[in-house]
Amino acid sequence: MSERRVRVRFAPSPTGPLHIGGVRTALYNYLFARQHGGDLIFRIEDTDSSRFVPGAEDYIIEAFQWLGIKFDEGVSFGGQHGPYRQSERRDIYRKYVRQLLDNGKAYIAFDTPEELDAKRKEVENFQYDAQTRMQMRNSLSLPKEEVERLIAEGEQYVVRFKIEPGRDVHVDDLIRGDVSINSSVLDDKVLFKSADGLPTYHLANIVDDHLMEVSHVIRGEEWLPSAPLHVLLYEAFGWQDTMPRFAHLPLLLKPVGNGKLSKRDGDKLGFPVFPLEWKDPQTGAISSGYREQGYLPEAVVNFLALLGWNPGEGHEEMMSLDEMVGLFDLSKCSKSGARFDYVKGMWFNHQYLMQQPAEAWTPAFDKILRENGIESTPEREAQVVEMMKMKVIEYVDGENNKKKRNISFVSDLWPLCRFFFVAPERYDKEDGFVSKNWKETTAQEMDQLVGVLSALDEKEFTVEEMKPLVDAWAEATGARPWNAWRVCLVGTGQGPDMYELAAFLGRQETIKRMENAIAALG
RNA sequence: GGCGCUUUCGUCUAGCGGCUAGGACACAUGCCUCUCACGCAUGGAACACGGGUUCGAUUCCCGUAGGCGCUACCA
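Structure (structure tokens):
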């Protein structure tokens with residue numbers, strides 16, 4: 165059994181953008197496949213034509229590309245077991261439906277959706293099973309000629325799985341151990357619909373996993389209740405010897421409140437639930453994505469991996485994809501759902517952001533500057549802007565650790581760096597820092613400081629020239645001008661060392677801001 | 001309602017019969033300091049409950065309660 169080559173799959177339904185929980189499922193499949201030198205298959209489960217959403221498939225592929233999760237075969241990746249899109253496998257499924265029908269493991273049912281609805285209204289907790297199927301319109305209850313006539317007349321029908329009641333069905337789950345359920349509580353599931361000639365999930369899933377030689381099915385816990393049905397299907401086909409092992413992952417729960425994290429929760433709760441931004445082709449509504457929010461793929465993957473799995477023994481939480489491949493272990497997955505605490509995701513992003521060289525941030529920061537109207541200046545000033553940007557990065561990400569900012573995203577830079585580019589519009593006395601550091605005599609003091617600074621020309625306005633001059637003056641007069649000076653240049657208690665800041669702004673801008681402040685605060 | 005899964009700090013979790021129940025995020029405090037932050041240090045904070053089994057249960061078993069999922073001609 166363990167001799168079999170490891171082959172796992174991620175098989176989403178193209179009904180919209182990929183949910184973050186799906187990303188984690190795919191990630192675990194990826195880790196498992198890599199670790200065992202096996203294959204990861206990408207299959208599209210589009211057996212419900214009515215729920216098909218254009219663009220979803222490409223979106224999913226792009227998302228995994230961004231995340232660095234690579235597939236070995238499947239839709240758009242090629243392989244020997246295709247086609248990998250279920251809608252292109254109709255003929256294959258037909259053959260297997262026939263086999264089940266011929267073996268008496270399945271039967272044809274003519275009950276319309278309306279009839280079934282009526283029945284459900286009439287009988288509380290109605291279930292289509294061994295108890296009730298003889299009361300329904302199907303090939304078991306109807307005479308043979310009648311069945312043939314109905315089919316010949318083109319009546320729509322479905323094929324149902326004939327579940328034998330009263331049997332304990334066992335599923336050996338890699339995460340949960342033995343799970344058993346009595347077959348009597350299972351209903352005769354629809355396997356195939358004549359209306360569109362397509363199978364339902366259950367049939368397509370089993371047939372494909374078998375044909376694609378899938379060795380392990382790693383999927384979300386929402387599938388656990390139907391796992392016994394799948395076991396029964398493998399048996400009905402006579403494939404029990406090559407039946408894959410199952411592993412049902414705990415679900416991702418909402419950060420607050422009840423229930424699992426759903427597609428609609430995202431932006432409402434203040435964080436994305438999709439890897440990439442998604443625009444609904446029908447409504448045009450936009451859902452935010454991790455990529456567009458400024459997350460690094462490494463951070464998303466690292467954060468997600470630890471929601472439901474843990475390497476144990478106080479191992480470092482920061483892990484690359486490759487490290488995780490070495491450490492991953494299905495038996496170390498937790499059994500209960502994990503609340504999706506995106507604050508920790510932000511911390512991971514902070515960590516990965518800090519590992520990057522500052523130059524890596526330039527494109528993103530550039531965009532922010534443009535959004536704030538900084539770039540739309542004449543060419544001459546463009547050079548200055550460029551220099552400023554370099555300065556900003558140095559300030560934020562200087563080799564001196566003391567200067568590092570607490571930023572989770574590059575976009576967090578703007579409120580911290582604004583004053584480099586824009587003079588304070590107003591000096592707010594309500595601001596605690598301002599009121600604390602701007603006293604009666606401060607205006608005078610700043611006036612003097614302007615005088616001291618004026619001795620330097622624009623070229624001499626450097627930290628090296630300025631510092632001795634100002635320090636000497638402060639020493640002589642006993643002034644402690646820095647905080648008030650900061651009020652002048654920044655407007656509040658933020659920013660780098662005052663000499664560095666002043667040198668960066670230059671003589672003209674520095675003195676202008678000081679005079680503005682003196683005039684405004686008096 | 002039925003069936004199944006599940007239950008350690010606020011959150012993610014370590015623990016696999018004997019531990020002062022460990023770590024991370026978040027939070028609080030202190031240090032550093034011309035501000036904010038970073039960094040460093042410190043602190044508060046948990047075994048759902050009730051029965052067993054055992055010399056001994058957070059750990060094993062059974063109940064109860066809570067949480068989650070499934071219960072479609074959706075996946």
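Offset between the first sequence (1-based) and the numbering used here: plus 164. A virtual CB, placed ideally from N, CA and C, is assigned to each residue, including glycine.
Distance, Cα to Cα, residue i vs residue j?
i	j	result
N564	G501	Only weak support exists for where N564 lies, its pLDDT of 43 falling under 50; the coordinates are left without a value.
V634	M678	15 Å
V172	W525	36 Å
L665	D505	38 Å
N422	L494	26 Å
V287	P307	25 Å
V586	E673	10 Å
E543	S177	Since pLDDT at E543 reaches only 46, below the 50 mark, its modelled position is unreliable, and no value is offered.
S390	R582	56 Å
I675	E462	45 Å
K567	M518	Residue confidence is low: K567 scores 47 on pLDDT, short of 50, so the model does not pin down where it sits. Its coordinate-derived value is still stated next. C-alpha separation (whole angstroms): 12 Å.
E319	R301	12 Å
G180	N267	38 Å
R313	G361	19 Å
D337	G537	57 Å
A667	K508	38 Å
L533	F573	15 Å
When the distance is taken between beta carbons, is residue j closer than 8 Å to residue i?
i	j	result
L417	R383	no
V489	L195	yes
V159	Y260	This structure cannot speak to residue 159, because the chain is shown only from 165 to 686.
L580	Q658	yes
L620	R671	yes
L415	G186	no
P408	R503	no
L393	K353	yes
Which residues bound the alpha helix (DSSP H) around residue i?
i	result
D337	Looking at the DSSP string, D337 is not in any alpha helix (DSSP H); the run it does join, the beta strand (DSSP E), is D332 to D337.
I184	I184 to Q199
L355	Where L355 is concerned, there is no enclosing alpha helix (DSSP H), although the beta strand (DSSP E) it sits in stretches over V354 to K357.
A270	Note, A270: premise wrong, no alpha helix (DSSP H); beta strand (DSSP E) at A270 to A273.
F745	Outside the shown range of the chain, which is 165 to 686, sits residue 745, and nothing can be said about it.
F529	T526 to E535
V598	G596 to N601
Would DSSP call residue i helix, strand or coil?
i	result
K432	helix
F492	coil
G670	helix
V323	strand
I571	coil
I224	helix
H374	helix
V381	strand
P461	helix
I256	helix
R207	coil
W637	helix
G242	strand
R455	helix
L393	helix
W387	helix
L613	helix
K424	strand
P277	helix
R301	coil
Could you spell out where the beta strand (DSSP E) holding residue i opens and where it closes?
i	result
F235	First-last for F235: undefined, no H or E at that position.
D342	G341 to N346
F410	R409 to L413
V349	Note, V349: premise wrong, no beta strand (DSSP E); not H, not E.
At a threshold of 7 Å, does residue i count as lining the ligand ZN (C-beta to nearest heavy atom)?
i	result
P419	Among the components of this structure there are no ligands whatsoever, and the ligand ZN is therefore not found.
Three Cβ pairs or more, each shorter than 8 Å: is that satisfied between the region 592 to 612 and the region 638 to 656? Here the region 592 to 612 makes contact with the region 638 to 656; the two share three or more CB pairs at distances below 8 Å.
At least 3 beta-carbon pairs within less than 8 Å: the region 271 to 283 vs the region 318 to 338: Contact holds: three or more Cβ-Cβ distances are below 8 Å.
Can you find at least 3 beta carbon pairs, one from the region 386 to 398 and one from the region 229 to 245, that sit closer than 8 Å? At 8 Å Cβ cutoff, the stretches do not touch.
Does the structure place the region 207 to 217 close enough to the region 353 to 372 that three or more beta carbon pairs sit under 8 Å? As far as the Cβ criterion goes, the region 353 to 372 touches the region 207 to 217, which means the pair count is three or higher.
Whether or not the region 479 to 487 and the region 242 to 256 are in contact is what I'm after, with contact meaning three or more pairs of Cβ atoms, one per stretch, closer than 8 Å; do they touch? Counting Cβ pairs under 8 Å, fewer than three are found: no touch.
Cβ contact check for the region 217 to 228 and the region 430 to 447: 3 or more pairs under 8 Å: Yes, since at least three Cβ pairs between the region 217 to 228 and the region 430 to 447 fall closer than 8 Å, the two stretches touch.
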